[in-house]
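Asker: Here's a structure for you.
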Amino acid sequence: MELWETLRFGARALLLKSMSTASPERIAHKQLSRLRRLVAHAKENSPYLAEKYAGVDLDTCQLEDLPTCDKSEVMENFDRWLTVDDVKQDEVEAFFDNDANLGKLFKDRYVLSHTSGSTGQPLLLVKSPIDFELMFALQAARGHRTSLDLKEMITRFTEPVRLAAVTLKPGFFPSGSAFQYMPDGVRNFIDVLQLSLNDENLIARLEEFQPTHLTTYASILHELARAVESGELDFGDHLEQVVNISEKLMAGPRKRYQELFGAPVLDDYGMGECLFLTSGCMTSRGMHVNSDWAILEVVDDDNRPVPSGERGSKILLTNLANRIQPFIRYEVGDIVVMASEHCDCEVTLPLIAEIEGRNSELFYAKVDGQLRPVHPAIVEQAIGQTMEVREYQIVQDEPERLQVKIEPIGSAALDADQVRQEVLEELKGEGFNELDVQVEVVDRLVSDDQGSKFKRVITNFEPDQ
Ligand SMILES: [Zn+2]
Numbered sequence: 374m375e376l377w378e379t380l381r382f383g384a385r386a387l388l389l390k391s392m393s394t395a396s397p398e399r400i401a402h403k404q405l406s407r408l409r410r411l412v413a414h415a416k417e418n419s420p421y422l423a424e425k426y427a428g429v430d431l432d433t434c435q436l437e438d439l440p441t442c443d444k445s446e447v448m449e450n451f452d453r454w455l456t457v458d459d460v461k462q463d464e465v466e467a468f469f470d471n472d473a474n475l476g477k478l479f480k481d482r483y484v485l486s487h488t489s490g491s492t493g494q495p496l497l498l499v500k501s502p503i504d505f506e507l508m509f510a511l512q513a514a515r516g517h518r519t520s521l522d523l524k525e526m527i528t529r530f531t532e533p534v535r536l537a538a539v540t541l542k543p544g545f546f547p548s549g550s551a552f553q554y555m556p557d558g559v560r561n562f563i564d565v566l567q568l569s570l571n572d573e574n575l576i577a578r579l580e581e582f583q584p585t586h587l588t589t590y591a592s593i594l595h596e597l598a599r600a601v602e603s604g605e606l607d608f609g610d611h612l613e614q615v616v617n618i619s620e621k622l623m624a625g626p627r628k629r630y631q632e633l634f635g636a637p638v639l640d641d642y643g644m645g646e647c648l649f650l651t652s653g654c655m656t657s658r659g660m661h662v663n664s665d666w667a668i669l670e671v672v673d674d675d676n677r678p679v680p681s682g683e684r685g686s687k688i689l690l691t692n693l694a695n696r697i698q699p700f701i702r703y704e705v706g707d708i709v710v711m712a713s714e715h716c717d718c719e720v721t722l723p724l725i726a727e728i729e730g731r732n733s734e735l736f737y738a739k740v741d742g743q744l745r746p747v748h749p750a751i752v753e754q755a756i757g758q759t760m761e762v763r764e765y766q767i768v769q770d771e772p773e774r775l776q777v778k779i780e781p782i783g784s785a786a787l788d789a790d791q792v793r794q795e796v797l798e799e800l801k802g803e804g805f806n807e808l809d810v811q812v813e814v815v816d817r818l819v820s821d822d823q824g825s826k827f828k829r830v831i832t833n834f835e836p837d838q
């Protein structure tokens with residue numbers, strides 16, 4: 374059984390590898406046929422989606438013919454949204470109430486997780502363990518610095534990847550569940566150590582494990598970098614690759630960490646609704662969308678497509694693999710820029726140039742007496758020029774003033790005055806002349822609430838007043 378699963382995993386990874394360099398037409402064809410099959414399955418098995426897609430012709434429908442949806446719609450209709458009738462919202466919530474359920478399957482066949490609810494209510498997620506095989510196969514096939522072929526697969530079989538996954542805290546979170554429910558077939562290729570930032574022996578356990586691969590959040594990378602800089606942590610020369618998920622890492626620390634960790638630092642962009650959405654690219658340092666298994670549409674406020682090279686207001690996500698809880702044209706408030714040029718690597722999948730954070734992370738500035746929301750990318754543009762800033766945070770207590778805190782990398786000396794001038798200039802260039810800016814250099818920037826994601830923007834007033 375296990376050998377069969379191992380072979381199936383290997384074959385699947387090799388197939389996914391070959392699809393990543395297929396012609397765009399072939400990938401588009403695959404995507405459309407999977408989309409139509411998913412909609413057909415949803416119509417047939419989900420009472421809610423049967424009504425939502427009642428007017429959709431399954432033989433001719435295109436992506437843009439399908440209505441969009443969002444988190445509140447999914448959560449308001451949770452039970453009827455699912456394509457199975459043995460999972461109910463109250464049972465799911467009761468499952469999360471018991472920590473002993475961590476790592477267990479619900480009713481022996483479902484993987485349950487929930488988001489943190491940092492943007493409103495938590496989203497409850499229901500998946501099949503087989504979805505995780507796809508995720509790991511995509512990671513092995515496309516998210517890896519060395520190119521995958523049969524020889525590499527056999528090497529990995531005898532010398533498994535040692536993957537350390539460090540999350541913020543233990544819990545039923547989507548990124549953590551991925552490692553807890555790793556299918557048996559994957560275990561022969563990947564040896565996983567899952568740790569969390571509040572693990573008392575984090576540094577000692579990391580050193581002992583000697584990871585070849587490290588997957589974590591930018592804020593945890595900062596923490597590990599601080600430990601390497603102070604001589605507390607030494608990865609030796611084992612690390613082959615570092616993958617940053619879920620938080621943005623600026624160009625300065627990325628460059629510095631590559632030297633510090635002795636391995637390339639890639640980004641992967643995903644979310645609980647679709648963990649395998651992208652694979653980091655070594656050539657462009659962007660991310661390729663796994664568009665044979667997921668669809669990413671960059672859109673404006675009214676869900677109209679935004680051209681490549683331009684910043685969208687949000688994205689619409691379609692996960693073509695999850696048949697239990699379908700996410701089709703599902704709104705996610707992330708600001709994404711698609712690359713306007715083809716990647717120089719051999720991969721033909723669409724390329725994301727930049728993830729600029731969430732559209733809810735904003736500060737405010739007055740223009741002609743009117744308060745307007747502003748994305749922190751403007752400030753980051755100015756700060757990022759020094760290359761020696763590890764992290765920054767914008768705190769706004771009142772509309773007229775902005776307090777910018779910056780943490781240097783290692784012992785770098787930052788000139789607060791110079792950074793202030795650069796931020797002011799950048800703001801002026803965008804027409805925000807009325808904002809007073811203060812810059813403060815601090816020793817450490819970490820989340821105030823331990824175990825939560827780091828907030829880059831904190832607004833302490835009600836903008837409507
Ligand atoms: Zn590429």
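In the working numbering, the protein residues as written are 374 to 838.
Note that the Cβ used here is the ideal one computed from N, Cα and C, for glycine as well.
1) In this structure, how does DSSP classify Gln838 when only helix, strand and coil are distinguished?
2) Please name the residue or residues paired with Thr691 in a DSSP beta bridge.
3) Rounding to the nearest angstrom, what Cα-Cα distance links Ile527 and Arg399 in this structure?
4) Tell me whether Ser406 sits in a helix, a strand or coil according to DSSP, three-state version.
5) DSSP three-state label for Tyr765, please.
6) Could you tell me which of Ser592, Lys425, Leu570 and Leu439 sits nearest to Glu780, measuring between CA atoms?
7) Looking at Cys716 and Ser652, is the spacing between their C-beta atoms short of 7 angstroms?
8) Which word fits Gly659, buried or exposed, when buried means at least 16 other C-beta atoms lie within 10 angstroms of its C-beta?
9) For ligand 1, is there any heavy atom lying closer than 6 angstroms to the beta carbon of Ser391?
10) Can you give the Cα-Cα distance for Cys434 and Arg409, rounded to whole angstroms?
11) Please determine whether the Cβ atom of Ser652 lies at a distance below 6 angstroms from any heavy atom of ligand 1.
12) How long is the line joining the alpha carbons of Ser619 and Tyr426, rounded to whole angstroms?
13) Is it a yes or a no for the region 593 to 603 touching the region 629 to 636, going by three-plus beta-carbon pairs under 8 angstroms?
14) Does the distance between the C-beta of Ser906 and the nearest non-hydrogen atom of ligand 1 fall short of 6 angstroms?
15) Quick check on Ala467: does DSSP put it in helix, strand or coil?
16) Is it the case that the CB of Ser713 approaches a heavy atom of ligand 1 more closely than 6 angstroms?
17) Based on the DSSP output, what are the partners of Gln794 in its beta bridges?
18) Just the C-alpha distance for Val768 and Lys778, rounded to the nearest angstrom, thanks.
19) Which residues in the same chain as Leu566 place their Cβ atom closer than 6 angstroms to its Cβ, once the five residues preceding and following it in sequence are excluded?
20) Shorter than 6 angstroms, the distance from the beta carbon of Val565 to the closest heavy atom of ligand 1, or not?
21) Determine the direct distance from the alpha carbon of Glu532 to that of Glu466, and round the result to whole angstroms.
22) Find the nearest neighbour of Leu639 within the set Gly604, Val740, Ala726 and Phe805, judged by alpha-carbon distance.
23) Any idea which residues DSSP pairs Arg586 with across the strands?
24) Helix, strand or coil for Pro699 per DSSP?
25) Are Pro749 and Arg696 close, meaning C-beta to C-beta below 7 angstroms?
26) So Tyr765 and Ile756 are in contact, right, with Cβ under 8 angstroms, and what is the actual spacing, rounded?
27) To the nearest angstrom, report how far apart Glu605 and Arg578 are at their CA atoms.
28) Hey, would you say Pro836 sits closer than 7 angstroms to Leu775, going by beta carbons?
29) What are the boundary residues of the alpha helix (DSSP H) that includes Glu632?
30) For the putative contact between Thr496 and Lys461, defined by C-beta atoms under 8 angstroms, what is the C-beta separation to the nearest angstrom?
Answerer: On the basis of the data shown:
1) Within the sequence shown, the letter at position 465 stands for residue 838. Confidence at Gln838 is low in this model, with a pLDDT of 48, below 50, so the placement of that residue should be treated as unreliable; the coordinate-derived value is given next. In the structure shown, Gln838 sits in coil (DSSP, three-state: anything other than H, G, I, E or B).
2) Residue mapping note: residue 691 aligns to position 318 of the sequence shown, counting from 1. Secondary-structure assignment with DSSP links Thr691 through a beta bridge to Ile668.
3) Reading the sequence shown from its first residue, position 154 is the one you call residue 527. Reading the sequence shown from its first residue, position 26 is the one you call residue 399. Approximately 29 angstroms, taken between the alpha carbons.
4) Taking the sequence shown and counting its residues from 1, one reaches residue 406 at position 33. It is helical.
5) Numbered from its first residue, the sequence shown carries residue 765 at position 392. Strand.
6) Position 407 of the sequence shown, counted from the start, is the residue given in the question as residue 780. Answer by Cα proximity: Ser592.
7) As a position in the sequence shown, residue 652 is number 279, starting the count at 1. As a position in the sequence shown, residue 716 is number 343, starting the count at 1. Cβ distance not < 7 angstroms, so Ser652 and Cys716 don't count as in contact.
8) On the sequence shown, residue 659 is found 286 positions in, with the first residue counted as 1. Buried, by the Cβ-count rule.
9) Taking the first residue of the sequence shown as 1, we reach residue 391 at position 18. The answer is no for Ser391.
10) By one-based count along the sequence shown, residue 434 stands at place 61. By one-based count along the sequence shown, residue 409 stands at place 36. Going from the Cα of Cys434 to the Cα of Arg409 covers about 7 angstroms.
11) On the sequence shown, position 279 is the one that residue 652 refers to. No.
12) Locating residue 619 in the sequence shown gives position 246, counting from the first residue. Locating residue 426 in the sequence shown gives position 53, counting from the first residue. Ser619 and Tyr426: Cα-Cα distance of roughly 32 angstroms.
13) The region 593 to 603 vs the region 629 to 636: in contact.
14) The shown model of the chain, from 374 to 838, leaves out residue 906, and the question about it has no answer.
15) Within the sequence shown, the letter at position 94 stands for residue 467. If DSSP states are grouped into helix, strand and coil, Ala467 belongs with the helices.
16) For the purposes of this step, residue 713 is taken as the residue at position 340 of the sequence shown. The answer is no for Ser713.
17) Here residue 794 refers to the residue found at position 421 when the sequence shown is read from its first residue. Note: Gln794 sits in no beta bridge, so no partner.
18) Locating residue 768 in the sequence shown gives position 395, where the first residue counts as 1. Locating residue 778 in the sequence shown gives position 405, where the first residue counts as 1. In a straight line, the C-alpha of Val768 is about 8 angstroms away from that of Lys778.
19) Along the sequence shown, read from residue 1 onward, the residue named residue 566 stands at position 193. Hits under 6 angstroms: Ala537 and Phe582.
20) The residue labelled residue 565 in the question sits at position 192 within the sequence shown. Incorrect: Val565 has no Cβ contact closer than 6 angstroms to ligand 1.
21) Position 93 of the sequence shown holds residue 466. Position 159 of the sequence shown holds residue 532. Near 40 angstroms, if we compare the C-alpha coordinates of Glu532 and Glu466.
22) Position 266 of the sequence shown, counting from 1, holds the residue named residue 639. It is Ala726 whose Cα lies nearest to the Cα of Leu639.
23) The sequence position of residue 586 within the sequence shown is 213, counting from 1. Checking the sequence shown, residue 586 turns out to be His, not Arg. In DSSP, His586 forms a bridge with Leu536 and Gln614.
24) One-based indexing of the sequence shown puts residue 699 at position 326. In the structure shown, Pro699 sits in coil (DSSP, three-state: anything other than H, G, I, E or B).
25) Reading the sequence shown from its first residue, position 376 is the one you call residue 749. Reading the sequence shown from its first residue, position 323 is the one you call residue 696. Pro749 is not a Cβ neighbour of Arg696, given a cutoff of 7 angstroms.
26) Taking the first residue of the sequence shown as 1, we reach residue 765 at position 392. Taking the first residue of the sequence shown as 1, we reach residue 756 at position 383. Their Cβ separation, rounded to whole angstroms, is 5 angstroms, which keeps Tyr765 and Ile756 in contact under 8 angstroms.
27) Counted from its first residue, the sequence shown places residue 605 at position 232. Counted from its first residue, the sequence shown places residue 578 at position 205. Each residue's Cα considered, the two are about 13 angstroms apart.
28) Translated into positions along the sequence shown, residue 836 becomes position 463. Translated into positions along the sequence shown, residue 775 becomes position 402. The criterion of a C-beta distance shorter than 7 angstroms is not satisfied by Pro836 and Leu775.
29) Indexing the sequence shown from 1 puts residue 632 at position 259. From DSSP, the alpha helix (DSSP H) with Glu632 extends over Ala624 to Phe634.
30) In the sequence shown, the residue the question calls residue 496 occupies position 123. In the sequence shown, the residue the question calls residue 461 occupies position 88. The question names Thr, but residue 496 in the sequence shown is Leu. Wrong, their Cβ atoms sit about 16 angstroms apart, outside the cutoff.
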